[in-house]
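For reference, the structure discussed in these notes is given below.
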Amino acid sequence: MSNTSQQGLSETAAEQAAKLLRQKGVGLPDATIILGSGLGKFTNAIQNPVVVPYSEISGFPETGVAGHDGALYFGSVGERKILAWSGRFHHYEGHPFDRTVLPVRVAAALGCNVLVVTNAAGGINSRFRVGDLMLIDDIISLPVRVSPHTRKFRHRYANDSLVHEIIQLASREGIAVTRGTYLFSKGPTYETKSEVRAFRIMGADAVGMSTAAELNEAIHLQMACLGISLITNLATGISKEKLDHSEIAEAASLREKDLMGLITSILSDPETPIYKPEYRFR
Ligand code: HPA
Numbered sequence: 059m060s061n062t063s064q065q066g067l068s069e070t071a072a073e074q075a076a077k078l079l080r081q082k083g084v085g086l087p088d089a090t091i092i093l094g095s096g097l098g099k100f101t102n103a104i105q106n107p108v109v110v111p112y113s114e115i116s117g118f119p120e121t122g123v124a125g126h127d128g129a130l131y132f133g134s135v136g137e138r139k140i141l142a143w144s145g146r147f148h149h150y151e152g153h154p155f156d157r158t159v160l161p162v163r164v165a166a167a168l169g170c171n172v173l174v175v176t177n178a179a180g181g182i183n184s185r186f187r188v189g190d191l192m193l194i195d196d197i198i199s200l201p202v203r204v205s206p207h208t209r210k211f212r213h214r215y216a217n218d219s220l221v222h223e224i225i226q227l228a229s230r231e232g233i234a235v236t237r238g239t240y241l242f243s244k245g246p247t248y249e250t251k252s253e254v255r256a257f258r259i260m261g262a263d264a265v266g267m268s269t270a271a272e273l274n275e276a277i278h279l280q281m282a283c284l285g286i287s288l289i290t291n292l293a294t295g296i297s298k299e300k301l302d303h304s305e306i307a308e309a310a311s312l313r314e315k316d317l318m319g320l321i322t323s324i325l326s327d328p329e330t331p332i333y334k335p336e337y338r339f340r
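Count along the sequence shown starting at 1, add 58, and that's the number in this note's numbering.
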């Protein structure tokens with residue numbers, strides 16, 4: 059029985075999408091990964107994928123941001139079966155949080171209980187440089203409520219032990235990573251410099267417009283989960299340069315190889331900790 063049906067959500071949009079995907083050849087994923095802006099290339103690492111455009115899944119809208127192709131890929135990475143989402147639904151595009159978390163719910167409805175989320179984010183920590191890979195060890199999503207549901211949380215995202223183990227995995231692979239707190243900012247515009255100054259005082263290391271709701275939903279569905287931010291720019295006021303979306307693609311290509319290597323190891327290395335039962339939020 060899948061997590062969602064255990065929680066009485068059968069016949070939801072997610073269950074229906076999962077049913078359709080099974081008919082199209084999508085099987086049981088060991089893990090699912092949501093690929094952030096400019097990071098969709100990971101789909102090339104998936105062997106013999108079943109590819110389903112979102113437009114073929116009822117309840118899924120088109121994605122509207124450059125660098126997102128709007129399709130899911132299911133296939134093998136090493137010994138593992140991976141379901142990758144290239145293109146996500148942002149709240150700032152007008153999607154309710156219920157829709158931004160649909161990929162997580164669909165993966166759970168397929169029986170998956172491990173989620174990795176990647177995103178592009180602005181660096182707030184003054185030690186960060188463009189191209190840094192930050193493992194998200196905690197989240198700030200005040201004052202906006204990002205949870206689509208009203209049920210009480212038993213857990214919040216606080217992922218120190220898993221992040222610690224992933225840092226060791228990355229170091230064995232020779233991939234430099236850092237860690238920090240991700241702050242969800244609603245967007246769609248980048249922050250003001252006063253906001254960034256406030257976020258820094260609050261304890262944020264990076265800021266972005268996605269991910270928090272997806273991770274919260276994964277926790278709610280008792281999955282193991284990990285967020286990874288690629289620092290594509292320094293947040294407003296941290297850098298003197300003017301910000302625009304094209305830097306995301308530039309920073310993505312700067313660390314593409316490392317990020318792809320990191321994700322591949324996290325999902326399929328024989329030593330990966332992500333599948334350890336103790337990392338599932340229960
Ligand atoms: N702020 C918010 N979201 C972002 C940023 C930023 O500076 N960079 C990439 N996504």
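Cβ atoms here follow ideal geometry from the backbone N, Cα and C, with glycine treated the same way.
Under the 8 Å Cβ criterion, the stretch 245-261 counts as touching the stretch 167-184, having at least three qualifying pairs. The three-state reading of DSSP puts residue 298 in coil, since its state is none of H, G, I, E or B.
Within the DSSP bridge table, the entry for residue 131 names 109, 142 as partners.
Taking 7 Å as the cut-off, the beta carbon of residue 267 is found closer than this to the beta carbon of residue 148. The Cβ-Cβ distance between residue 332 and residue 100 does not fall below 7 Å. The alpha-carbon separation between residue 78 and residue 297 amounts to approximately 47 Å. Cβ-Cβ separation between residue 171 and residue 338: approximately 6 Å, consistent with a contact (criterion under 8 Å).
Counting C-beta pairs with one atom in each stretch, the stretch 275-291 and the stretch 152-163 have three or more that are closer than 8 Å, which means they touch.
Non-local C-beta neighbours of residue 136 in its own chain, meaning closer than 6 Å and more than five positions away in sequence, comprise 326, ordered along the chain. In terms of Cα proximity to residue 140, the closest of 193, 245, 174 is 174. Closest by C-alpha distance to residue 134, out of 112, 94, 98, 85, is 85.
Within 6 Å of the C-beta of residue 267 there is at least one heavy atom belonging to the ligand HPA. Under the DSSP assignment, residue 158 falls in the alpha helix (DSSP H) whose first and last residues are 155-158. Counting every other CB atom within 10 Å of its CB across the protein chains shown gives residue 335 a total below 16, marking it as exposed.
Of the heavy atoms belonging to the ligand HPA, at least one sits nearer than 6 Å to the Cβ of residue 180. Your pair residue 246 and residue 112 does not check out as a contact, with CB atoms roughly 20 Å apart and the cut at 8 Å.
Taking the Cβ of residue 183 as the reference point, every heavy atom of the ligand HPA lies at 6 Å or farther away. Counting only runs of at least 4 residues, the stretch 245-309 fully encloses the following alpha helix (DSSP H) elements, listed from N- to C-terminal order: 251-260, 270-278.
Within 6 Å of the C-beta of residue 293 there is at least one heavy atom belonging to the ligand HPA. In this model, residue 75 and residue 328 are separated by some 31 Å (Cα to Cα). Residue 176 is bridged by DSSP to 286. Under a 10 Å Cβ-count criterion, residue 216 is classified as exposed, with fewer than 16 other Cβ atoms of the shown protein chains found around its own Cβ.
Short of 6 Å from the beta carbon of residue 88, and not among the five residues preceding or following it, lie these beta carbons of its own chain, in chain order: 138, 139.
Around the beta carbon of residue 291, 16 or more other beta carbons sit within 10 angstroms, so the residue counts as buried. Residue 106 and residue 83 have their alpha carbons spaced roughly 12 Å apart. DSSP lists 264, 292 as the bridge partner or partners of residue 181.
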